[in-house]
Structure formats: structure tokens, C-alpha cells
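Novice: Numbering follows the working numbering, with no gaps: position 304 of the sequence shown is 329.
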Amino acid sequence: MTHSPFIGWLKQQRSSTRLAFVLQTGSRVFGAVTGLLWTRLLLGAMGDTLFGYFLAYQTVVTLGGLGDLGMGGAIGLKTGQDLGRGDERGLRDFLAGARAVFLLLALTAGLGLLAAAPWLPDWLSFTATNGAGSFPMLFVVGAAIVALTPLLSYAGNLSHACGNLMWPVLPTFLLLQLTMAGHWLLARAGCALWVQALPYLVTGLATLALTWLYVRWSHPRLAEFLPLRLDRRLVRDLLEKSFWVYLCALGSMVFVTTDRLLISAGFGPAALPRYQLNYKFCELALTVIILAGFVSMPKITQWLASPAAEDRARAIKEALRLSRFQTLLGVAIALAYLLVNDVFMRLWLGEAKSELLRAPVAWQMAFAGTLVVTAGADATVQLSGRIAGDGLRRAGTAIGLTGLLNLGLSYCAMKAGSITGIAVATIIAQTGLSLALCRFVCGRFGLSWWPWAWRSCILPLLAVALAGAARLRWPPDSWGNATLLAGIYAVILAVIVRGSGFDLAFLRDEWRLLCGIFRR
Numbered sequence: 026m027t028h029s030p031f032i033g034w035l036k037q038q039r040s041s042t043r044l045a046f047v048l049q050t051g052s053r054v055f056g057a058v059t060g061l062l063w064t065r066l067l068l069g070a071m072g073d074t075l076f077g078y079f080l081a082y083q084t085v086v087t088l089g090g091l092g093d094l095g096m097g098g099a100i101g102l103k104t105g106q107d108l109g110r111g112d113e114r115g116l117r118d119f120l121a122g123a124r125a126v127f128l129l130l131a132l133t134a135g136l137g138l139l140a141a142a143p144w145l146p147d148w149l150s151f152t153a154t155n156g157a158g159s160f161p162m163l164f165v166v167g168a169a170i171v172a173l174t175p176l177l178s179y180a181g182n183l184s185h186a187c188g189n190l191m192w193p194v195l196p197t198f199l200l201l202q203l204t205m206a207g208h209w210l211l212a213r214a215g216c217a218l219w220v221q222a223l224p225y226l227v228t229g230l231a232t233l234a235l236t237w238l239y240v241r242w243s244h245p246r247l248a249e250f251l252p253l254r255l256d257r258r259l260v261r262d263l264l265e266k267s268f269w270v271y272l273c274a275l276g277s278m279v280f281v282t283t284d285r286l287l288i289s290a291g292f293g294p295a296a297l298p299r300y301q302l303n304y305k306f307c308e309l310a311l312t313v314i315i316l317a318g319f320v321s322m323p324k325i326t327q328w329l330a331s332p333a334a335e336d337r338a339r340a341i342k343e344a345l346r347l348s349r350f351q352t353l354l355g356v357a358i359a360l361a362y363l364l365v366n367d368v369f370m371r372l373w374l375g376e377a378k379s380e381l382l383r384a385p386v387a388w389q390m391a392f393a394g395t396l397v398v399t400a401g402a403d404a405t406v407q408l409s410g411r412i413a414g415d416g417l418r419r420a421g422t423a424i425g426l427t428g429l430l431n432l433g434l435s436y437c438a439m440k441a442g443s444i445t446g447i448a449v450a451t452i453i454a455q456t457g458l459s460l461a462l463c464r465f466v467c468g469r470f471g472l473s474w475w476p477w478a479w480r481s482c483i484l485p486l487l488a489v490a491l492a493g494a495a496r497l498r499w500p501p502d503s504w505g506n507a508t509l510l511a512g513i514y515a516v517i518l519a520v521i522v523r524g525s526g527f528d529l530a531f532l533r534d535e536w537r538l539l540c541g542i543f544r545r
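Pasting the structure below:
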């Protein structure tokens, strides 16, 4: 059977890392732009209260979607190793057991949320609101989405390990746009919230079908539904390998979701859009910053695992380079956020809505602090989990404990009636995580931990504190103040560049490497 040149090209490029990077970056940029548009449209169609309820519901579903217990990562790792060794028969036996485990997880997670659906609205302080519809029915739809999540994790990790890097990018982007369009149309029509959640379920089913097709096209013998084999030893091995991965994912999710749930419960759902939408600028920035780590870590992981001393030294050097780049980018965007967030909100939501949702400067300072400490810690967190021996256990333990710290501090702030305190709690917990893992990583590699901690955590936080103080003294409500602030922020950024060890040769090297991505 002959194929068109385009189909042949698609097959040839399915595992192209450079093309996948270009497409992934482009889809994220366009996704961020369209996400801003959809958020504004949904906020206008739903109103603050219904939109806040839907955000809180999505948070619960996101937490419930962690029901694969981190096993998806274990599936990807095992698949990649067995394909590299050419052990397809052993891999198929392993996947037969893994399918049974993931199916069991899907049923357990879905039925668990389904059983909780009648009382969850009361526990989350969801009160009857005009246009909301049945809250228990909303969580019934959420239960179906949660049940689908482990299956998506299994299929997605299997496909990624098979090298299907380029194929999923554009279909995923288009499906997301169709989902948001469906949600907006249903919201405009005044449908109940549970009806508005249905496009997300339909998209999940379509994504699962497409992902399975990717595996079928690239590795037909692995795209099997049967047999299912529940093996006790396999379950034990999967749990052992994936527990720390799961703890990392759960701890990271706590940082993201704690604020939303506590604000919704303690201050009402109408307060949530004001908090979350003013953080949107920082959230989009973190997406780009973390993408740099996502692209860099595979090679760093290989170098760390190499028996050659020069490869391990290169891994440390590249991780340090990555940390410097992410820290500098985080500080630059945080300063820009403090300068232009009010203008950004006006352009995004309109004059009237942005005035209604204007965030205090203290919130914006806290959001900027969260941005810089998270950006500076990303390389350290990623590197610690890839250190042989107890690296993953150390990373999982640190993330889990600081996630609990964040939860406890945020709860105390909620009881004290301080939304600012909830935002600051995230900075405290993330700083603790950054310093703890920095000390661990530097200890393993025989490095002094203080320079790395100063550059990636302490200096950026000092820069944000100084920038916030300048913002309080000279609010950018006139061209003169805005120009003065821009000049102050330029000086602060120059100090960060100098303090981070950047020089002209380093910047030239970074530019050369960036241009190399687009060369064949």
C-alpha cells in the first residue's frame, strides 16, 4: 500500500525532537493567547460566582486525576528501556499486567468520586445559585473524567515512550480549542454547570482514541486491549517504583490547588477569579520557563547515568546553566509583571471588569515572589529526582513535606481572614523546598550549596522585595512614575545578571545553542 508524500513525511518525523519542540512551543504560545481570550469570554458568559464554582470544581477533578499513583511515569520508563533492549515480548507481558492495574485504578478513582458526589458540594461550601444547576450532577460528570484520567495516563506515556513526539501536538491543541468553544457556547445558552463540563469529557474520550491510534500506527503489537493480567508481583513493583513519582506530583499539585480551594471555602467562590486571574501572567510565564527544563532534562538524565566522569561533569554544568537561565528569565518576567499587570488586566478583561478585579500590590508582590522562587527551583527539583540511589525519594519527601507546610500555613491564613497570607504561604513553602533540595544536590556533587542557593532563590526574592517597595512608592499610574519604575527595574535586573554569573560569552553561547535547535 502506497502513501502520499505527506503521510510518509509524518511517519518519518514522528519522533523528531526538534520539530516537536518547535510545534510544542508554538502551540503553547498560541494556547496561552487563546486561553486568555476564552477566560475572558467565559467570565463574561458565566459571571464571577459561577466561574468561581467551576474553577473550584476543576481543582477537585485535577486532584482526583492523580489517581494513577505516578504509575504512568513508570510505564513510560519501562517501555523505553524494553524497546531499547529489543525485548518486545517481555514488554507485552508487562503491559498486560499494567493494563489491568490501570483499569482497576480508573474504576476505583471514578467510583470513589461518584460516591462522594452527593456531599462534596456541601463540604466545599457550594450553595444553590441561579443558573448553576445540580452540583452533585456536576461531580458525577467529574467522576467520569477522573475515571478516564488513568487510562489517558497509560496511553499517553506508552505513546511518548514509543517516540510519538510530533503527532499529538496539533491534534491536542485543536481539541482544546473545540472544548473551550463548546464550553463557551453552553455557558452563553445558560446551561447548568454539569452540562458545561461535558465537552471536557468528550475531549478526553477523543484524546484517548487518538493516542491509541498513534501507538497502533507506530508499534501495532503494543496497541492491545487484551489480555489483562493482574499479577501481584507486578502491582508491588509498580507501586514501589511509582510511589515517589506520585508524591512529587501530589506535592506539586498541592502548591497549585491549595490556594484555590481555601479561598473558595473561606472567602466565597466570587473571590477566586480575582485571585487566579491576577496570577495568570505569572502562570503563563512559568509554563515557558518550565518548558526549558522539560526539553533539557532528557540529555542531562543520560549524562548523569553515564559511567564516564566527563559526562557526569557535563550534566552538572548544563544543570547549572539551565538554573541560571530559568532564574534570570523568572526575575525579568516578575519585574515586568509588577510593572504592567494592571495594564495587562485592562487589555485582557476590559476597563470595567479589570477595575472590579484589581489585585492589591501585596498580592502582586506575592505572585511575583512565587514566580521567581519556582523558576529558580525547577532545575534543582528536576535534577534531584534524577540522582541515582535515593534522589527520587529525597525529592518526593521534600516536595510532600513542603506541600503539607503550604497547606497548613494557607489554612491558618484563611482562618485569619488574609488572602495575602495564603499567597505568602506558597513563597515560604517553595523557598524551603528550593533550599532543601539545593543542599542535597550540591552535597551529592561536592559543590558549595550557598552560591547556588543565593543565585537561584535568595537574590531573586530580594529583587522582588525591592521592586515591590519601589512599586508601592511610585505606583505606575502616570507616565512619569512608569518610566521611573522601568529604570529602577532595569538596574535591579542588571544586578541579577551580574550576581548570577552571566557574561557576554555566556549569552553568545546560549544564542548559539538556541539557533542550533532550528538547524537540521
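Beta carbons: idealized from backbone N, C-alpha and C, even for Gly.
Do you know whose CA, among Met205, Leu132, Pro146, lies nearest Gly293's CA?
Specialist: Residue Pro146 is the option with its Cα nearest to Gly293.
Novice: When the Cα atoms are used, what is the spatial distance from Val313 to Leu364?
Specialist: If I take the Cα positions, the gap works out to 20 angstroms.
Novice: Grab me the residues of Leu226's own chain with a C-beta within less than 8 angstroms of its C-beta, minus the 5 sequence neighbours each way, in chain order.
Specialist: Closer than 8 angstroms at Cβ, skipping near neighbours: Val166, Ala169, Ile170, Leu173.
Novice: Does the beta-carbon of Arg523 have 16 or more other beta-carbons within 10 angstroms, so that it is buried, or is it exposed?
Specialist: Looking at its Cβ environment, which holds fewer than 16 other Cβ atoms inside 10 Å, Arg523 is exposed.
Novice: Find the nearest neighbour of Ala511 within the set Pro485, Ala357, Arg371, judged by alpha-carbon distance.
Specialist: Ranking Pro485, Ala357, Arg371 by Cα distance to Ala511 puts Ala357 first.
Novice: How is Glu249 classed by DSSP in three states: helix, strand or coil?
Specialist: Correct three-state label for Glu249: coil.
Novice: Expressed to the nearest angstrom, what Euclidean distance is found between the alpha-carbon atoms of Met162 and Gly428?
Specialist: If I take the Cα positions, the gap works out to 30 angstroms.
Novice: Mapping the DSSP letters down to three states, classify Cys187 as helix, strand or coil.
Specialist: Looking at Cys187 - three-state DSSP - the assignment turns out to be coil, as it is neither helix nor strand.
Novice: What are the boundary residues of the alpha helix (DSSP H) that includes Ala442?
Specialist: As written in the sequence, residue 442 is Gly, which differs from the Ala given in the question. Unbroken run through Gly442: none, as it is neither H nor E.
Novice: From Ala495 to Val516, what does the alpha carbon distance come to, in whole angstroms?
Specialist: Distance between the alpha carbons of Ala495 and Val516 is about 12 angstroms.
Novice: Mind checking Phe55: buried by the 16 CB within 10 Å criterion, or exposed?
Specialist: Under this definition Phe55 is an exposed residue.
Novice: So does the segment 234–249 actually touch the segment 205–216, counting three or more Cβ pairs closer than 8 angstroms?
Specialist: In short, these stretches do not touch, since the Cβ pair count stays below three.
Novice: Ignore the nearest five residues each way along the sequence and tell me which others in Gln221's own chain have a CB closer than 6 angstroms to its CB.
Specialist: Excluding sequence neighbours, Gln221 sits near His208, Leu211, Ala212.
Novice: With distance defined between alpha-carbon atoms, name the residue in Ala478, Arg299, Thr283 nearest to Leu68.
Specialist: For the residues Ala478, Arg299, Thr283, the minimum Cα distance to Leu68 belongs to Arg299.
Novice: Is Phe151 helix, strand or coil when you go by DSSP?
Specialist: The answer is coil: DSSP assigns Phe151 none of H, G, I, E or B.
Novice: Extract the residue ranges of the alpha helix (DSSP H) inside the segment 479–520, only unbroken runs of 4 or more that lie entirely within it.
Specialist: Counting only runs of 4 or more, we get 484–498.
Novice: Could you spell out where the alpha helix (DSSP H) holding Ile341 opens and where it closes?
Specialist: Run containing Ile341: 334–374, per the alpha helix (DSSP H) assignment.
Novice: Is the beta carbon of Ala490 sitting closer than 9 angstroms to the one on Ile513?
Specialist: No.
Novice: Which same chain residues end up closer than 7 angstroms to Leu200 when comparing Cβ atoms and leaving out the 5 residues on each side of it in sequence?
Specialist: For Leu200, where only same-chain residues beyond five positions count, the Cβ hits under 7 angstroms are Thr228, Ala231, Thr232.
Novice: Please say whether Leu251 and Glu113 have beta carbons closer to each other than 9 angstroms?
Specialist: Cβ atoms of Glu113 and Leu251: not closer than 9 angstroms.
Novice: Spatial neighbours of Asn392 within its chain, please: CB distance less than 6 angstroms, with the 5 preceding and 5 following residues excluded, ordered by chain position.
Specialist: Per the sequence shown, residue 392 should be read as Phe rather than Asn. Cβ within range, chain order: Tyr304, Cys307.
Novice: Considering Gly401, what are the terminal residues of the alpha helix (DSSP H) in which it resides?
Specialist: Start and end: 386–409.
Novice: How about Gly394 and Leu486: do their beta carbons lie closer than 9 angstroms?
Specialist: In contact: Gly394 and Leu486 (Cβ atoms closer than 9 angstroms).
Novice: Report the residue from Leu287, Pro500, Ile412 whose alpha carbon sits nearest the alpha carbon of Ala450.
Specialist: That would be Leu287, whose Cα lies nearest to the Cα of Ala450.
Novice: Label Asp284 either buried or exposed according to how many other C-beta atoms from any shown protein chain fall within 10 Å of its C-beta, with 16 as the threshold for buried.
Specialist: Buried is the call here.
Novice: How far does the alpha helix (DSSP H) with Ser243 in it reach, from first residue to last?
Specialist: Ser243 -> alpha helix (DSSP H) spans 223–243.
Novice: Would you mind reading off the limits of the alpha helix (DSSP H) that contains Tyr300?
Specialist: It spans 296–303 - the alpha helix (DSSP H) in which Tyr300 sits, taken as one unbroken run.
Novice: Please look up how many angstroms separate the CB atoms of Leu434 and Ile453, rounded, as I've assumed it's under 8 angstroms.
Specialist: 6 angstroms between Cβ atoms; contact.
Novice: Would the beta-carbon of Leu75 fall within 9 angstroms of that of Leu297?
Specialist: Result no, Cβ atoms of Leu75 and Leu297 do not sit closer than 9 angstroms.
Novice: At which residues does the alpha helix (DSSP H) containing Pro196 begin and terminate?
Specialist: Unbroken alpha helix (DSSP H) run through Pro196: 194–213.
Novice: Cys437: buried (16+ other C-beta within 10 angstroms of its C-beta) or exposed?
Specialist: It counts as exposed.
Novice: Measuring straight from C-alpha to C-alpha, what distance separates Ala125 and Leu132?
Specialist: Approximately 11 angstroms, taken between the alpha carbons.
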